[in-house]
Amino acid sequence: MKLLLLMSLLIYSSIQTAQTGILSQSGTEGRDVILACGNEGKVVWSKGADRGRSTILTAEDGEITQRLRPDPENRYSVLPDLSLVIRSVSLSDSGIYYCNSAPAVNLTVNPAPPAAKRTTTKTTEASTTTEGSSERPTQVSALWNFLVIAGSCLVAVLLVLFPWRCFHKRKEDCEMPYDDVYTTIEYVAFNKEQTGAVGVKIPQLTRLII
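Residue 1458 in the working numbering sits at position 27 of the sequence shown; the count goes up by one each step and never skips.
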(Lines of atoms letter the chains of each structure in order from A and count residues from 1; the text may use other names and numbers.)
(Lines give C-alpha, C1' and ligand atoms only; values in the text may rest on other atoms or scores of the structure.)
Protein backbone atom coordinates (compact mmCIF):
# COMPACT_ATOMS: atom_id res chain seq x y z
CA MET A 1 0.00 0.00 0.00
CA LYS A 2 2.77 2.38 0.94
CA LEU A 3 4.64 1.42 -2.20
CA LEU A 4 1.60 2.22 -4.37
CA LEU A 5 1.20 5.59 -2.66
CA LEU A 6 4.88 6.38 -3.21
CA MET A 7 4.63 5.55 -6.91
CA SER A 8 1.57 7.77 -7.28
CA LEU A 9 3.44 10.66 -5.69
CA LEU A 10 6.38 10.14 -8.03
CA ILE A 11 4.14 10.07 -11.08
CA TYR A 12 2.30 13.19 -9.97
CA SER A 13 5.53 15.06 -9.31
CA SER A 14 6.91 14.09 -12.72
CA ILE A 15 3.72 15.30 -14.40
CA GLN A 16 3.92 18.61 -12.57
CA THR A 17 7.57 18.99 -13.54
CA ALA A 18 6.76 18.32 -17.18
CA GLN A 19 3.91 20.80 -17.16
CA THR A 20 5.93 23.52 -15.48
CA GLY A 21 8.78 22.93 -18.02
CA ILE A 22 6.60 24.11 -20.94
CA LEU A 23 6.94 27.80 -21.64
CA SER A 24 3.76 29.54 -22.74
CA GLN A 25 4.54 32.08 -25.44
CA SER A 26 2.36 34.22 -27.67
CA GLY A 27 3.06 35.92 -30.96
CA THR A 28 1.29 38.17 -33.47
CA GLU A 29 0.40 37.10 -36.98
CA GLY A 30 3.00 38.30 -39.46
CA ARG A 31 5.73 38.81 -36.83
CA ASP A 32 8.78 36.70 -36.01
CA VAL A 33 9.06 34.54 -32.88
CA ILE A 34 11.99 32.90 -31.11
CA LEU A 35 11.48 29.65 -29.21
CA ALA A 36 14.13 28.83 -26.63
CA CYS A 37 15.31 25.29 -25.95
CA GLY A 38 18.04 25.43 -23.31
CA ASN A 39 19.97 22.43 -24.65
CA GLU A 40 23.49 22.51 -26.00
CA GLY A 41 25.26 20.59 -28.71
CA LYS A 42 22.56 19.00 -30.85
CA VAL A 43 18.80 19.51 -30.90
CA VAL A 44 15.82 18.23 -32.82
CA TRP A 45 12.93 20.66 -33.13
CA SER A 46 9.44 19.27 -33.76
CA LYS A 47 5.83 20.41 -33.47
CA GLY A 48 2.92 18.60 -31.95
CA ALA A 49 0.40 17.27 -34.48
CA ASP A 50 -2.81 15.27 -34.44
CA ARG A 51 -0.87 12.03 -34.82
CA GLY A 52 2.12 12.63 -32.60
CA ARG A 53 4.86 15.06 -33.61
CA SER A 54 6.11 16.49 -36.89
CA THR A 55 9.87 17.02 -37.00
CA ILE A 56 10.91 20.44 -38.32
CA LEU A 57 14.72 20.32 -38.36
CA THR A 58 17.85 19.15 -36.62
CA ALA A 59 20.65 21.53 -35.64
CA GLU A 60 24.11 21.22 -34.18
CA ASP A 61 26.55 23.88 -32.99
CA GLY A 62 24.23 26.67 -34.08
CA GLU A 63 23.76 25.43 -37.66
CA ILE A 64 20.97 23.48 -39.34
CA THR A 65 22.11 20.01 -40.31
CA GLN A 66 18.85 18.71 -41.78
CA ARG A 67 15.44 20.09 -42.72
CA LEU A 68 12.69 17.53 -42.30
CA ARG A 69 9.71 19.73 -43.21
CA PRO A 70 9.13 21.47 -46.56
CA ASP A 71 10.22 25.08 -46.09
CA PRO A 72 10.40 26.86 -49.48
CA GLU A 73 10.36 30.33 -47.90
CA ASN A 74 13.08 29.49 -45.29
CA ARG A 75 10.83 30.47 -42.40
CA TYR A 76 12.64 28.20 -39.95
CA SER A 77 16.17 28.90 -38.71
CA VAL A 78 18.22 28.56 -35.53
CA LEU A 79 20.31 30.91 -33.42
CA PRO A 80 23.78 30.09 -32.03
CA ASP A 81 22.11 28.94 -28.78
CA LEU A 82 19.93 26.53 -30.88
CA SER A 83 16.74 28.54 -30.29
CA LEU A 84 14.19 28.08 -33.08
CA VAL A 85 13.27 31.18 -35.13
CA ILE A 86 9.98 31.23 -37.06
CA ARG A 87 9.59 34.15 -39.48
CA SER A 88 6.22 35.72 -40.27
CA VAL A 89 4.15 33.35 -38.13
CA SER A 90 0.62 32.46 -39.11
CA LEU A 91 -2.32 31.19 -37.07
CA SER A 92 -1.49 27.61 -38.08
CA ASP A 93 1.87 27.88 -36.31
CA SER A 94 0.12 27.72 -32.93
CA GLY A 95 0.83 24.57 -30.94
CA ILE A 96 3.36 22.81 -28.72
CA TYR A 97 6.98 22.72 -29.91
CA TYR A 98 9.34 20.00 -28.73
CA CYS A 99 13.08 20.28 -28.22
CA ASN A 100 14.78 16.86 -28.22
CA SER A 101 11.41 15.13 -27.71
CA ALA A 102 10.66 17.25 -24.62
CA PRO A 103 7.84 19.83 -24.75
CA ALA A 104 9.51 23.23 -24.67
CA VAL A 105 7.12 25.97 -25.80
CA ASN A 106 3.37 26.25 -26.13
CA LEU A 107 3.00 28.89 -28.85
CA THR A 108 -0.20 30.85 -29.39
CA VAL A 109 -0.40 33.07 -32.47
CA ASN A 110 -2.90 35.93 -32.27
CA PRO A 111 -4.47 37.55 -35.35
CA ALA A 112 -2.92 40.82 -36.46
CA PRO A 113 -4.97 43.93 -35.57
CA PRO A 114 -6.89 45.41 -38.52
CA ALA A 115 -5.30 48.81 -37.83
CA ALA A 116 -1.83 47.35 -38.29
CA LYS A 117 -2.84 45.83 -41.62
CA ARG A 118 -4.25 49.16 -42.83
CA THR A 119 -1.08 50.97 -41.71
CA THR A 120 1.08 48.50 -43.60
CA THR A 121 -1.05 48.92 -46.73
CA LYS A 122 -0.90 52.73 -46.55
CA THR A 123 2.87 52.65 -46.03
CA THR A 124 3.29 50.45 -49.10
CA GLU A 125 1.07 52.73 -51.22
CA ALA A 126 2.92 55.84 -50.03
CA SER A 127 6.31 54.35 -50.88
CA THR A 128 5.05 53.36 -54.35
CA THR A 129 3.71 56.90 -54.96
CA THR A 130 6.99 58.45 -53.81
CA GLU A 131 8.98 56.24 -56.14
CA GLY A 132 6.70 57.14 -59.08
CA SER A 133 6.89 60.87 -58.38
CA SER A 134 10.69 60.75 -58.03
CA GLU A 135 10.98 59.11 -61.44
CA ARG A 136 9.07 61.92 -63.22
CA PRO A 137 11.60 64.74 -62.55
CA THR A 138 14.36 62.45 -63.75
CA GLN A 139 12.54 61.83 -67.05
CA VAL A 140 11.83 65.56 -67.53
CA SER A 141 15.46 66.43 -66.82
CA ALA A 142 16.70 63.89 -69.37
CA LEU A 143 14.29 65.26 -72.02
CA TRP A 144 15.39 68.83 -71.32
CA ASN A 145 19.07 67.89 -71.63
CA PHE A 146 18.39 66.18 -74.96
CA LEU A 147 16.60 69.26 -76.32
CA VAL A 148 19.43 71.57 -75.20
CA ILE A 149 22.06 69.39 -76.87
CA ALA A 150 20.02 69.09 -80.09
CA GLY A 151 19.46 72.86 -80.21
CA SER A 152 23.17 73.54 -79.67
CA CYS A 153 24.11 71.19 -82.51
CA LEU A 154 21.59 72.87 -84.84
CA VAL A 155 22.95 76.34 -84.05
CA ALA A 156 26.51 75.15 -84.68
CA VAL A 157 25.55 73.71 -88.08
CA LEU A 158 23.81 76.97 -89.06
CA LEU A 159 26.84 79.02 -88.01
CA VAL A 160 29.03 76.91 -90.30
CA LEU A 161 26.67 76.82 -93.29
CA PHE A 162 25.74 80.51 -93.33
CA PRO A 163 29.28 81.94 -94.00
CA TRP A 164 29.96 79.17 -96.52
CA ARG A 165 26.75 79.98 -98.38
CA CYS A 166 27.50 83.71 -98.42
CA PHE A 167 31.03 83.11 -99.71
CA HIS A 168 29.80 80.76 -102.41
CA LYS A 169 27.09 83.19 -103.54
CA ARG A 170 29.55 86.11 -103.64
CA LYS A 171 31.92 84.04 -105.72
CA GLU A 172 29.16 83.25 -108.23
CA ASP A 173 28.22 86.95 -108.46
CA CYS A 174 31.83 87.89 -109.24
CA GLU A 175 32.24 85.24 -111.93
CA MET A 176 29.03 85.90 -113.91
CA PRO A 177 30.03 89.24 -115.62
CA TYR A 178 33.20 87.74 -117.06
CA ASP A 179 31.20 84.94 -118.61
CA ASP A 180 28.93 87.52 -120.25
CA VAL A 181 31.96 89.46 -121.61
CA TYR A 182 33.41 86.36 -123.17
CA THR A 183 30.07 85.50 -124.75
CA THR A 184 29.69 89.02 -126.20
CA ILE A 185 33.22 89.01 -127.67
CA GLU A 186 32.55 85.71 -129.37
CA TYR A 187 29.28 87.06 -130.74
CA VAL A 188 30.98 90.20 -132.14
CA ALA A 189 33.68 88.15 -133.80
CA PHE A 190 31.03 85.92 -135.36
CA ASN A 191 29.12 88.91 -136.79
CA LYS A 192 32.34 90.37 -138.13
CA GLU A 193 33.00 87.26 -140.11
CA GLN A 194 29.43 87.05 -141.40
CA THR A 195 28.57 90.66 -142.18
CA GLY A 196 31.80 92.51 -142.14
CA ALA A 197 30.28 95.00 -139.64
CA VAL A 198 32.97 95.61 -137.10
CA GLY A 199 31.07 97.58 -134.49
CA VAL A 200 27.80 95.76 -134.38
CA LYS A 201 28.04 94.83 -130.67
CA ILE A 202 30.66 97.36 -129.56
CA PRO A 203 28.24 99.45 -127.46
CA GLN A 204 26.94 96.37 -125.68
CA LEU A 205 30.50 95.14 -125.16
CA THR A 206 31.54 98.55 -123.76
CA ARG A 207 28.55 98.60 -121.43
CA LEU A 208 29.27 95.10 -120.09
CA ILE A 209 32.93 95.85 -119.51
CA ILE A 210 32.06 99.05 -117.61
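The C-beta atom is built at its ideal place from N, Cα and C for all residues, glycine as well.
Predicted model, so just to flag it, every value in this text is computed and none were measured.
I1453 - DSSP class collapsed to helix/strand/coil: coil
In chain order, each beta strand (DSSP E) run of at least 3 residues that lies wholly inside the segment 1460-1520: 1464-1466, 1473-1480, 1483-1491, 1494-1498, 1507-1509, 1515-1517
Where A1581 sits in the DSSP three-state scheme: helix
Beta-carbon contacts of I1453 that lie in its chain and below 6 Å, excluding the five residues immediately before and after: P1534, N1537
Test: S1508 CB closer than 8 Å to a CB of chain B: Absence of chain B from the displayed structure is noted, only one protein chain being present.
Own chain, CB closer than 8 Å to L1578, minus 5 neighbours either side, in chain order: none
Enclosing beta strand (DSSP E) for N1541 [first to last residue]: 1533-1541
Pairwise C-alpha distance: V1571 and L1499: 54 Å
With 16 other Cβ atoms within 10 Å as the buried cut-off, status of I1580: exposed
Beta-carbon proximity check, V1509 vs I1495, cutoff 8 Å: yes
Per-residue burial, M1607 [other beta carbons within 10 Å of its own, 16 or more giving buried]: The predicted position of M1607 is uncertain, since its pLDDT is 48 and thus under 50; no value can be drawn from it.
Contact under 8 Å by Cβ, E1460 with S1532: no
Opposing strand residues paired with C1530 [DSSP bridges]: W1476, A1533
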